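Per the working numbering, residue 964 is the first one in the sequence shown, and the count goes up by one each step.
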Amino acid sequence: MNYIKPFWMRFITRFTKVPKKAETRDVISHLLADWNQKLKQAGVGDRETNIKYLMERVIRKPLPSYESIKRLELTEKQLREFEELSKMRCDRRPLQHIVGVWNFNGLRLKMNPAVFIPRPETEEFVSEVIQHYRNISKPIEMLEVGCGSGAISLAMLQSIPFIRSCTAIDCCDAAVKLAKENANELRLGGRFQSFQHMVKENDYLPRPLKGKTYDLIISNPPYARTDELVWLNPEVKRYENRIALDGGVDGLDVVRLVMDLACFHLRSGAKLWLELGNGQSPLVKTIIYLFHALNDSHNHVQSVEVKTAIEGWKEKLKESGVGDIEFNLKCLVAHVLNRKFSTLKSYDAEKFTAQQHSEFSRLCEARCARMPLQHILGEWDFMDLTLKTAPTVFIPRPETEEFVLKIIEQCQNVQKPIDMLEVGCGSGAISLAILNALPHVSSTGIERSKAATALAWENAKLLKLSDRFTPYNHTSAANNYLPKELLDRKFDLIVSNPPYVRTEEFPLLQPEVKLYENLNALDGGSDGLNVARLVFDLACLHLHPGGKLWLELGSEHPPLVKTIMNLKYEGRLRFISSYNDQYKRDRFVEIEKV
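Dropping the structure here:
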């Protein structure tokens, strides 16, 4: 394969062995302009900083600024090396992996492609912890869970002399070795030891550390939700170790393990510090109340009257901004007593055991943190069905029950079997409610969230409807509307409750939604119809002539949809009608395939 030189390299070949300084600087100016443009085309941000770091790697010394590059005198070998490094950056290889070292909180640390790169936000996290412990006057022992390159531990040791010893564990052997190497380079190895160990339930620390306790435990665990990984930058998706990122369905799988570890290995009065994802702090607070904050203050009491137990919580729920407090309390009481909500007419004569009282208090704390009732209870009624719920799966709304009733009403007198597709099936609520009411319907669901797909299938099996319901994990996109198994399928009916909230409306959402719902299930783009448009295109290809498309949308959308049908889909889709929800808002749209 012939190598085609960029114009600035061809320019070099015309030089004598010792070019004039002015000519060399002219080449460097062309070089910078050329690679600025290439990095821009590759999608790399902050290009001047990137180029400065790459050039420092080439000349093996720091530069005061980007502009100082233009005053350098570079050999042809150095120019070629810069070109090779820049190509790697254009492939979106992380800058830290290319240069091999990185500054963190004033420390120069070696990097390794197999080890997670410390982020600027983690420097802020460490600064906060250092500030908290800066004035301690007694020696303390510290444990870091998931140490990576050792950045957090070594920054703490460097700043706080009273940390007598720091122990670090990581599941990655390369990380453990790199952390030790960095500790030795910084002359902190005497106070630092690291172990390779995968934290698991009932196996939190390696054998040499069993039974040890600490004055401080710190961790920056994996906290990205599994379904978010697809949206990460190329630098992260292609080159970072996935195990250092994937926090499971709600992003908190490893966090839970670290909290369990802290219960056994943190000394009384000592602190656990965690760096988490945006919006996860309320969830962690809830987990602590639900599973870890086991306040046994009521254990000496054999039983407590329910009406006495709820009295103090009424005011707390009100102060937290929770609406319909009586309904919320009745739901929680019914759950703790293991009773159906509908059978609990009054709780005046009911009593809690000491254990039930403790559980009720933790559930009320979770509700005060604005965690949705559906997530606290782990299940919710939708029409005549009781469905399991999950923290990262969208909660079906009461208005959606009306939407489903409209569809059932239209389909119940159809004599032939109906083959239905649901786009964005979530927990399976819509499909399963229709299947439960109409035995002649079979349904296929597609859903981009793996957690939701798994939950929909679980609900179908629990309700014994799995023989007529098949969910697929698939993200619909232009020209890739259905998974390959369904490419040749056409359907009699397509239903969808797509994301329809305008992006600009997000700040106005309730805390239950903003903090705890998967926002991908809400965001419909600038006009709220981004996903609906995909569903229109899908219906053109996969709906039988005369088949119906039903959509639940925002109240401002039906007139827009009617206009879109007339302008773009004439001869393919026909707007039939729109219908009101219980609040008299025009929400449900019926469309027919021509």
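Heads up, the beta-carbon is just placed ideally off N, CA and C, and yes, glycines get one too. Note that this is a predicted model, so its numbers are computed, not measured.
For residue i, is the classification buried or exposed, using 16 other Cβ atoms within 10 angstroms of its Cβ as the cut-off for buried?
i: proline 1361; result: exposed
i: serine 1260; result: Caution is warranted here: a pLDDT of 44 is assigned to serine 1260, below 50, making its placement in the model unreliable, and the coordinate value is therefore given only provisionally. Under this definition serine 1260 is an exposed residue.
i: lysine 1556; result: buried
i: glutamate 1515; result: buried
i: proline 1083; result: exposed
i: proline 1385; result: It is glutamate, not proline, that sits at residue 1385 in the sequence shown. Classification for glutamate 1385: buried.
i: isoleucine 1592; result: Here the chain has residues from 964 to 1557 only, and residue 1592 is not among them.
i: valine 1552; result: buried
i: leucine 1530; result: exposed
i: aspartate 1133; result: buried
Assuming residue i contacts residue j under a Cβ cut-off of 8 Å, what Cβ separation, rounded to an integer in Å, is found between them?
i: histidine 1160; j: leucine 1149; result: Going by Cβ atoms, the distance from histidine 1160 to leucine 1149 rounds to 23 Å, so no, they are not a contact pair.
i: lysine 1453; j: leucine 1506; result: 7 Å
i: glutamate 1322; j: valine 1299; result: 5 Å
i: asparagine 1422; j: leucine 1350; result: 5 Å
i: alanine 1146; j: leucine 1117; result: 6 Å
i: cysteine 1129; j: alanine 1077; result: Contact flag wrong, Cβ pair sits at about 22 Å.
i: asparagine 1399; j: leucine 1428; result: 7 Å
Where do the ends of the beta strand (DSSP E) carrying residue i lie?
i: phenylalanine 1155; result: 1155-1159
i: cysteine 1129; result: 1126-1133
i: phenylalanine 1538; result: 1536-1543
i: serine 1182; result: 1177-1182
i: isoleucine 1554; result: 1549-1556
i: valine 1108; result: 1103-1108
i: glutamate 1410; result: 1404-1410
Nearest CA to the CA of residue i: which residue from the options?
i: asparagine 1376; options: Pro1446, Pro1402, Ala1353, Tyr1532; result: Pro1402
i: glycine 1275; options: Ala1297, His1320, Leu1235, Lys1234; result: His1320
i: leucine 1523; options: Asp1490, Trp1065, Thr1012; result: Asp1490
i: threonine 1466; options: Asn1493, Cys1110, Asp1178; result: Asn1493
i: isoleucine 1397; options: Trp1513, Lys1234, Gln1473; result: Trp1513
i: asparagine 1013; options: Gln1041, Arg1188, Arg1052; result: Arg1052
i: phenylalanine 1290; options: Gln1337, Leu1179, Ser1429; result: Gln1337
i: threonine 1355; options: Arg1056, Ile1080, Ala1187; result: Ala1187
i: isoleucine 1554; options: Arg1411, Tyr1177, Pro1521; result: Pro1521
i: lysine 1163; options: Met1222, His1060, Lys1293, Arg1205; result: Met1222
i: alanine 1353; options: Asp1347, Gly1389, Ser1459; result: Gly1389
i: aspartate 1486; options: Gly1517, Ala1502, Val1218; result: Gly1517
i: arginine 1205; options: Ile1115, Asn1066, Ile1080; result: Ile1080
i: threonine 1306; options: Ala1317, Phe1315, Cys1294, Lys1314; result: Cys1294
i: glycine 1534; options: Pro1508, Asn1436, Ser1541; result: Pro1508
i: arginine 1548; options: Glu1198, Lys1525, Glu1519, Ser1540; result: Glu1519
i: serine 1100; options: Glu1086, Ile1123, Gly1113, Ala1114; result: Ile1123
i: serine 1182; options: Glu1238, His1095, Cys1226; result: Glu1238
i: leucine 1172; options: Val1218, His1228, Asp1178; result: His1228
i: aspartate 1213; options: Ser1540, Ala1415, Ser1459, Lys1314; result: Ala1415
i: glycine 1153; options: Leu1120, Asn1165, Glu1282; result: Leu1120
i: glutamate 1104; options: Pro1335, Ile1022, Arg1230; result: Arg1230
i: proline 1185; options: Glu1044, Pro1197, Glu1203; result: Glu1203
Looking only at its chain, what residues have a beta carbon closer than 7 Å to the beta carbon of residue i, apart from the 5 residues adjacent to it on each side?
i: proline 1102; result: Phe1125, Arg1127
i: tryptophan 971; result: Any reading at tryptophan 971 must be qualified, since the residue scores a pLDDT of 44, below 50, and its modelled position is unreliable; the value itself is stated next. If we look at tryptophan 971 and ignore the five residues flanking it on each side, its Cβ neighbours are Val990, His993, Leu994, Asp997.
i: aspartate 1216; result: Gly1210
i: arginine 1010; result: Asn999, Leu1002, Lys1003
i: lysine 1270; result: Tyr1310, Asp1311
i: valine 1367; result: Met1346, Ile1393, Ala1396, Ile1397
i: leucine 1026; result: Lys1015, Met1018, Glu1019, Ile1032
Grab the span of the alpha helix (DSSP H) containing residue i for me, first residue to last.
i: serine 1429; result: Here serine 1429 belongs to no alpha helix (DSSP H), and DSSP marks it neither H nor E.
i: tyrosine 1096; result: 1083-1096
i: methionine 1222; result: 1216-1228
i: alanine 1521; result: In the sequence as displayed, the identity of residue 1521 is proline instead of alanine. Here the alpha helix (DSSP H) through proline 1521 covers 1520-1531.
i: valine 1062; result: 1058-1062
i: tryptophan 1194; result: Unbroken run through tryptophan 1194: none, as it is neither H nor E.
i: proline 1361; result: 1361-1374
i: tyrosine 1029; result: Note, tyrosine 1029: premise wrong, no alpha helix (DSSP H); not H, not E.
i: methionine 1119; result: 1114-1122
i: isoleucine 1381; result: Run containing isoleucine 1381: none in the alpha helix (DSSP H); it sits in the beta strand (DSSP E), 1381-1386.
i: leucine 1280; result: 1269-1282
i: phenylalanine 1454; result: Segment 1454-1459 is the beta strand (DSSP E) holding phenylalanine 1454; no alpha helix (DSSP H) there.
i: threonine 1038; result: Unbroken run through threonine 1038: none, as it is neither H nor E.
i: lysine 1357; result: In the sequence as presented, lysine is not what sits at residue 1357; that position holds phenylalanine. Counting along the chain, phenylalanine 1357 falls outside any alpha helix (DSSP H), and DSSP gives it neither H nor E.
Within a Cβ cutoff of 6 Å, which residues of the same chain sit near residue i, ignoring the five residues on either side of it in sequence?
i: proline 1380; result: His1403
i: asparagine 1075; result: Ala1137, Leu1141
i: aspartate 1544; result: Glu1362, Glu1365, Arg1550
i: valine 948; result: Given that the chain is displayed from residue 964 to residue 1557, the structure contains no residue 948 and the question cannot be resolved.
i: lysine 1143; result: Ser1157
i: histidine 1437; result: Ile1409, Pro1446
For a cutoff of 8 Å on Cβ pairs, would you count residue i as touching chain D?
i: glutamate 1107; result: The structure shown contains no chain D; it is built from a single protein chain.
Below 8 Å CB to CB, which residues in the same chain sit around residue i once its five sequence neighbours on both sides are set aside?
i: valine 1064; result: Arg1071, Leu1072, Lys1073, Met1074
i: leucine 1224; result: Val1108, Val1162, Tyr1167, Leu1168, Ile1180
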